[in-house]
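Chemist: Under the numbering used here, the first residue of the sequence shown is numbered 1, with each subsequent residue one higher.
By construction, the Cβ of each residue, glycine as well, lies at the ideal position given by its N, Cα and C atoms.
Because the structure is a prediction, the values reported are computed rather than measured.
One structure, pasted below without further comment.
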Amino acid sequence: MERSRSAVSRGDSRAARRRRAALSRSWSEVKPARFEYHAPKSVDEACALLASLEDPKVLAGGQSLVPLLNFRLARPPHLVDINRIANLDRIYERDGGVAVQALARQSAVEDSDLAGRLCPILPAALRQVAHRVIRNRGTVCGSLAHADPASELPAVMMALNGHVVVQSRRGQRIIPAADLFKSVMQTALAQDELMVEAWFPGAHGKYGIAEESRRHGDFALAGGVRYGDRLALFGVAATPVMADPKDPTKGLQPSGDLEATPEFRLHLVQAITDRLFAA
């Protein structure tokens with residue numbers, strides 16, 4: 001009996017070791033690759049780091065970047081965390097519109113009386129972004145810099161013809177929305193530039209945002225933002241695109257995937273446009 005219990009114990013021990021090894025391997029596959037961490041305390045220090053480091057990534061809210069890091073879809077050798085920079089989270093009026101600094105959380109803009117008064121389409125769009133717990137950490141500028149083609153905020157900026165302010169050691173420059181988005185998750189920012197502010201013009205005309213997704217909070221299969229007679233589409237091309245409300249599918253060649261065929265996305269674009277311009 002003693003030998004039997006000992007054999008069982010050894011067997012359990014071997015099984016336990018195998019389980020621990022398997023668990024260790026599985027955890028290692030959802031942890032970031034090695035990187036060097038930097039936490040600047042000023043915009044100037046952050047810009048100096050971006051200018052001197054090889055292939056750095058900026059961390060603000062982290063709601064898009066951290067999952068990419070964990071699944072090793074992004075492997076930056078350097079991570080520049082700007083969350084310790086003071087006074088970079090303001091939401092204020094500028095030139096009749098709403099200026100949103102780099103560390104202003106999406107939920108703060110969503111709840112902002114100023115944004116609701118000057119640019120009500122902005123908080124309306126933010127309520128469509130993921131879930132509240134995500135918006136509590138995610139930043140408006142981070143979403144624009146990430147430039148996911150299925151994201152709402154880039155399309156809002158396109159529809160409103162807003163702009164972003166970027167800074168480097170060379171100084172500041174303004175990038176209009178029409179020039180900002182270049183391809184899937186690619187913008188016109190140079191590697192050494194930090195997006196310090198997004199500006200959304202005052203918007204008091206008719207507006208609306210509509211999208212279709214499999215579940216609330218999921219990325220959109222297709223979506224549209226209306227402001228006046230302007231229509232910006234998202235989720236149907238490599239970047240948000242401006243479209244003719246009278247013929248919104250003209251020139252569109254959306255890709256297909258497990259979620260939706262190209263034909264279905266075109267159908268959604270037409271249905272969404274009809275809904276937005278019915279009022």
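(1) Can residue 82 and residue 60 be called in contact, C-beta distance under 7 Å?
(2) Could you give the C-beta distance for residue 200 and residue 96, rounded to a whole number, given that I count them as a contact under 8 Å?
(3) With distances taken Cα to Cα, identify the nearest neighbour of residue 131 among 101, 218, 182, 121.
(4) So residue 146 is in the beta strand (DSSP E); what residue range does that whole segment cover?
(5) Looking at the unbroken alpha helix (DSSP H) that takes in residue 97, where does it start and where does it end?
(6) What do you reckon, are the CB atoms on residue 228 and residue 205 nearer than 7 Å?
(7) Give me, in chain order, the residues of the same chain whose beta-carbon lies closer than 7 Å to that of residue 177; leave out the 5 immediate sequence neighbours on both sides.
(8) What residue from 180, 275, 250 has the CA that sits closest to residue 263's CA?
(9) Could you pull the DSSP bridge partners for residue 57 from this structure?
(10) Count the other CB atoms, across all protein chains shown, that sit within 10 Å of the CB of residue 310; report buried if there are 16 or more and exposed otherwise.
(11) At which residues does the beta strand (DSSP E) containing residue 72 begin and terminate?
(12) Do residue 226 and residue 208 have their C-beta atoms within less than 7 Å of each other?
(13) Which residue comes first and which comes last in the beta strand (DSSP E) that contains residue 36?
(14) Work out the CA separation of residue 154 and residue 230 for me, nearest whole Å.
(15) Within 10 angstroms of its Cβ, does residue 110 collect 16 or more other Cβ (buried), or is it exposed?
(16) Is it true that the CB of residue 165 sits closer than 7 Å to the CB of residue 174?
(17) Is it right to say residue 265 is buried, meaning 16 or more other beta carbons lie within 10 angstroms of its own, or is it exposed?
(18) Which first and last residues belong to the beta strand (DSSP E) in which residue 176 is found?
(19) Could you tell me the distance, in whole angstroms, from the CA atom of residue 89 to the CA atom of residue 246?
(20) Hey, residue 172 and residue 152: beta-carbon distance below 7 Å or not?
(21) For the beta strand (DSSP E) containing residue 163, name the first residue and the last one.
Modeler: Short version:
(1) yes
(2) So it is not a contact: roughly 10 Å between Cβ atoms.
(3) 218
(4) Per DSSP, residue 146 belongs to no beta strand (DSSP E); it is in the alpha helix (DSSP H), 140 to 146.
(5) No alpha helix (DSSP H) holds residue 97; the beta strand (DSSP E) holding it covers 97 to 101.
(6) Yes, the pair counts as a contact, with Cβ atoms nearer than the cut-off.
(7) 157, 158, 161, 162, 163
(8) 250
(9) 79
(10) Outside the displayed range of the chain (1 to 279) lies residue 310, so it cannot be described from this structure.
(11) Run containing residue 72: none; DSSP gives neither H nor E here.
(12) In this structure, residue 208 lies closer than 7 Å to residue 226 by Cβ.
(13) From DSSP, the beta strand (DSSP E) with residue 36 extends over 36 to 38.
(14) Between the alpha carbons of residue 230 and residue 154 lies a distance of about 14 Å.
(15) buried
(16) yes
(17) buried
(18) 171 to 176
(19) 39 Å
(20) no
(21) 163 to 168
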